[in-house]
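Visitor:
Residue numbers (full-length UniProt numbering): 1 to 175.
#1: Threshold first: 4 residues or longer. Then list the alpha helix (DSSP H) segments lying entirely within the region 106-154, N to C.
#2: So what's residue 164 in DSSP terms, helix, strand or just coil?
#3: Could you tell me which residues DSSP pairs with residue 156 in its beta bridges?
#4: Excluding five sequence neighbours on each side, which residues of the same chain lie with their C-beta closer than 7 Å to the C-beta of residue 80?
#5: For residue 45, which residues from the same chain have a beta carbon less than 8 Å from its beta carbon, with the 5 sequence-adjacent residues on both sides left out?
#6: The alpha helix (DSSP H) with residue 94 in it runs from where to where?
#7: Spatial neighbours of residue 154 within its chain, please: C-beta separation below 6 Å, excluding the five flanking residues on both sides.
#8: Entirely within the region 47-97 and at least 4 residues each: give me those alpha helix (DSSP H) ranges in chain order.
#9: Helix or strand or just coil, what does DSSP make of residue 174?
#10: In angstroms, rounded to a whole number, what distance separates the CA positions of residue 88 and residue 125?
#11: Do you know how far the Cα of residue 122 is from the Cα of residue 156?
#12: Going along the chain, which residues of its own chain have a beta-carbon closer than 7 Å to the beta-carbon of residue 77, five neighbours each way excluded?
#13: Can you tell which of 119, 149, 132 has its C-alpha closest to the C-alpha of residue 140?
#14: Taking the CB atoms as reference points, tell me whether residue 166 and residue 133 lie closer together than 8 Å.
#15: Return the bridge partner residues of residue 169 from the DSSP annotation.
#16: What whole-angstrom Cβ distance do residue 105 and residue 84 have, given they're in contact under 8 Å?
As structure tokens, this is what we get:
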């Protein structure tokens with residue numbers, strides 16, 4: 001068996017070493033390009049991560065501010081009610097004046113409730129609803145429809161449709 005020598009190679013074609021060197025150069029170029037893309041992707045990832053952290057902190061701060069100042073408008077409306085009560089106490093001379101002042105203050109408080117989405121639940125005569133009412137007692141009644149509210153012990157309240165306190169009621173039952 002004879003080993004190939006320089007003369008056995010074709011004169012025009014590259015040798016094995018030339019092909020290997022060209023392949024290594026191509027691989028090094030591809031590796032360098034891949035490393036550059038990886039660095040760019042890592043940079044984009046780190047920026048996105050930092051931006052997400054900033055958004056999270058901003059949202060947490062906004063929620064904290066919303067909680068802190070959520071009752072701001074409602075509190076401003078109640079200040080006027082307190083002022084009216086104080087004036088009523090100072091001016092309370094006779095029962096009629098005191099009653100008129102109390103009615104005016106109650107009207108002002110009711111307006112403040114309405115402006116801020118606080119609604120009263122007064123279910124007198126309505127069908128008992130366990131989602132909105134709390135039965136304090138059942139009372140036999142011939143003049144009321146069974147399971148209807150015959151008496152409201154304490155009114156309920158809802159804030160923007162969400163129940164704050166159920167109305168406490170007495171419910172009719174068949175005699």
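Yeah, the Cβ is synthetic: ideal placement off N, Cα and C, and Gly gets one too.
Guide: If we stick to the structure as given:
#1: The qualifying runs do not exist here; there are none.
#2: It is a strand residue.
#3: According to DSSP, residue 156 shares a beta bridge with 121.
#4: Only 108 meet the Cβ criterion.
#5: Answer for residue 45: no residue qualifies.
#6: Under the DSSP assignment, residue 94 falls outside any alpha helix (DSSP H); it carries neither an H nor an E label.
#7: So the list reads 168, once near-sequence residues are dropped.
#8: Taking only runs of at least 4 residues, the alpha helix (DSSP H) segments lying wholly in the region 47-97 are 72-91.
#9: Note: residue 174 maps to coil in three-state DSSP.
#10: Annotation: residue 88 to residue 125 spans about 34 Å, alpha carbon to alpha carbon.
#11: If I take the Cα positions, the gap works out to 7 Å.
#12: Cβ neighbours of residue 77 beyond the five flanking positions: 112, 115, 116.
#13: For the residues 119, 149, 132, the minimum Cα distance to residue 140 belongs to 149.
#14: The beta carbons of residue 166 and residue 133 sit closer together than 8 Å.
#15: When DSSP reads this structure, residue 169 sits in a beta bridge with 135, 152.
#16: The C-beta distance from residue 105 to residue 84 rounds to 4 Å, short enough to meet the 8 Å contact threshold.
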